[in-house]
Amino acid sequence: MENTIMARGNQRDLARQKNLKKQQEKAKSEKKGDYHKRMQNDGDILREKQRLADERKAAEAAAKLKK
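Going letter by letter, the sequence shown gives residues 1 to 67 in full-length UniProt numbering.
Take a look at the structure:
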């Protein structure tokens, strides 16, 4: 009888730890803040990355033409 109580207690503790870890991962993955503001900010970042990539490609093309 004593073994079954310990096993269930251990199982309960393990389930609590697993659930706590799952909740922490979920909270970490969720983005906070206003949806529209976040979308605008993400868009600005992507546009800046694209602008830099276009400039780099143009510089590479110009360097090829010089050769």
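Using N, Cα and C, we set each Cβ at its ideal position, and we do this for glycine too. Just so we're clear, the structure is a prediction, and the values are computed from it rather than from any experiment.
Problem set entry | Leu46 versus Lys18: straight-line alpha-carbon distance, rounded | Residue numbering aside, residue 46 sits at position 46 when the sequence shown is read from its first letter. Residue numbering aside, residue 18 sits at position 18 when the sequence shown is read from its first letter. One C-alpha to the other measures close to 36 Å.
For this session: Return the CA-CA distance between Ala53 and Lys22, expressed in angstroms with no decimal places.
Result: Taking the first residue of the sequence shown as position 1, residue 53 is located at position 53. Taking the first residue of the sequence shown as position 1, residue 22 is located at position 22. Distance between the alpha carbons of Ala53 and Lys22: 38 Å.
Exercise. Between Ser29 and Arg12, what straight-line distance do the alpha-carbon atoms span, to the nearest angstrom?
Worked result: In the sequence shown, the residue the question calls residue 29 occupies position 29. In the sequence shown, the residue the question calls residue 12 occupies position 12. Distance between the alpha carbons of Ser29 and Arg12: 26 Å.
Problem set entry | Collapsed DSSP secondary structure at Glu48 in the structure displayed | The residue labelled residue 48 in the question sits at position 48 within the sequence shown. In the structure shown, Glu48 sits in a helix (DSSP, three-state: H, G or I).
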